[in-house]
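Below: one structure, written as structure tokens.
Residue numbers (UniProt numbering): 1 to 160.
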């Protein structure tokens, strides 16, 4: 904790992040309602729809710990959407692949490219897109650092 109250710019930044989350909430809710899948599970399935992945590489691509990935894979495996296979050449390696049911599920998911979020992205010029991408990537990385260590700020405003 920094020991000082949040600045106006910090409050405005938090409000912008919360507003973005609110815009994505209906899309995430629809994923759950239609397929009973979380966003992380969908991301996992979409990556695997391209090709099988080693579990460690999949965790890196999803920017999550191996423990978090294991929980996701257990849920997907219990629904018979993925299979985990021990590498025949190196038993320490686990490969993950989609099942036929998993492939059908991915095919039935609505595309994020048909959403207002993507339409807004398409309306941006290349400079704005590069700025947005850079800022969001740095923000995501900063959040991951805070998750793995003591929080930078515990005194968030109650109402963004």
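Here a beta-carbon is modelled for each residue, glycine too, at the ideal position from N, C-alpha and C.
Alpha carbon of residue i to alpha carbon of residue j, nearest angstrom
i           : j           : result
residue 90  : residue 117 : 42 Å
residue 71  : residue 38  : 12 Å
residue 35  : residue 4   : 44 Å
residue 102 : residue 136 : 30 Å
residue 121 : residue 138 : 18 Å
residue 134 : residue 127 : 11 Å
residue 23  : residue 88  : 45 Å
residue 104 : residue 125 : 35 Å
Whole-angstrom C-beta distance between residue j and residue i, which should lie under 8 Å
i          : j          : result
residue 45 : residue 81 : 7 Å
residue 55 : residue 96 : 6 Å
residue 48 : residue 98 : 5 Å
Neighbour-count burial assignment, residue i, 16 or more Cβ in a 10 Å radius
i           : result
residue 67  : exposed
residue 145 : exposed
residue 20  : exposed
residue 41  : buried
Close Cβ partners of residue i (< 8 Å) along its chain, the five nearest in sequence each way excluded
i           : result
residue 140 : 63
residue 69  : 44, 55, 58, 59 and 62
Beta-bridge partners of residue i, as assigned by DSSP
i          : result
residue 84 : 96
residue 53 : 96
Close Cβ partners of residue i (< 6 Å) along its chain, the five nearest in sequence each way excluded
i          : result
residue 85 : 95
residue 93 : 54 and 87
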